[in-house]
Amino acid sequence: EYSEYNDLLVRLSLGYQWQDAIKRYALVPFVQKRFFGNSPYSKTWGLSLQNFYQWSRKFQTSTTIEMAKNSYDKRKFLDGWYMFGSLGLSYAPVATTMFFGGFDIYTNHTEEMSESFDRLGVRLGVANDFRFGKISTKFSTYYAKKEYEDAPNLFGKQRKDSEYIQSLTLWKRDWHFKGVMPKLNLEHTKVKSNINIFAFDKSRVFFSFDKRF
164 EYSEYNDLLV RLSLGYQWQD AIKRYALVPF VQKRFFGNSP YSKTWGLSLQ NFYQWSRKFQ
224 TSTTIEMAKN SYDKRKFLDG WYMFGSLGLS YAPVATTMFF GGFDIYTNHT EEMSESFDRL
284 GVRLGVANDF RFGKISTKFS TYYAKKEYED APNLFGKQRK DSEYIQSLTL WKRDWHFKGV
344 MPKLNLEHTK VKSNINIFAF DKSRVFFSFD KRF
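Counting in our numbering, the sequence shown runs from 164 upward without gaps.
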């Protein structure tokens, strides 16, 4: 049945934020639970540090550093920790259009060394608020190089992947209930690997629900 491929991620966070007219700092502890195939799969707890700076009315930057520990219900060889860092830039030439991009680095350390990896990525995108129908869109494209620390025993060589991700999000700005706004997400992922068994190409469609306090 298709339900064995269900993938549900629940993340709860509560933290402290300080801001003024041009900058914002946030310290946010979080806990995350993942269910795969309708069964508990993993849990994660960690800390996120965030910074936002408005250089002008059109240009802004953001940085994020996140550190967390992963614990898996069955696949204990994946237990470990990760660190994530990103730098983002955005430019809004007009109030209804924003271009954005950035760089990120992700380091994942696991009990099994052949599952540990470093990933370096770059992203570009554009967001638009259209007057017609009060519809908004956000399109982004992402490319990353992922290099694993050790060779899997079965293949005898170090795994190296290239990741390509394109995503499109659509929502209607006047469709919300008690501050919760539904959004339609379309995403395509393609992974090329020097070990063919790890290469894949997949697409997915899902809804997300955003609420701002």
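Each residue gets a CB set at the ideal place from its N, CA and C atoms; glycine is no exception.
On a predicted model such as this, the values are computed, not experimentally measured, just so you know.
- An exposed status is given to residue 291, since fewer than 16 other beta-carbon atoms sit within 10 Å of its beta-carbon.
- When the Cα atoms are used, residue 233 and residue 210 turn out to be separated by approximately 12 Å.
- By the neighbour-count criterion, in which a residue is buried when 16 or more other Cβ atoms sit within 10 angstroms of its Cβ, residue 238 is exposed.
- Within its own chain, the residues whose Cβ lies closer than 6 Å to the Cβ of residue 187, once the five positions on either side in sequence are excluded, are 215, listed in chain order.
- Membership of residue 329 in the beta strand (DSSP E) is indicated by the continuous run 323 to 335.
- With contacts defined by Cβ atoms closer than 8 Å, residue 301 and residue 270 do not form a contacting pair.
- Nearest C-alpha to residue 255 among 230, 224, 278: 224.
- Where residue 272 is concerned, the enclosing beta strand (DSSP E) starts and stops at 260 to 273.
- Each residue's CA atom was taken as its position, placing residue 235 and residue 339 some 35 Å apart.
- DSSP, reduced to helix, strand and coil, places residue 342 outside both helices and strands of the structure shown, so it counts as coil.
- Within the same chain, 345, 346, 347, 348 come within 8 Å of residue 370 by CB-CB distance, once the 5 residues on both sides are set aside.
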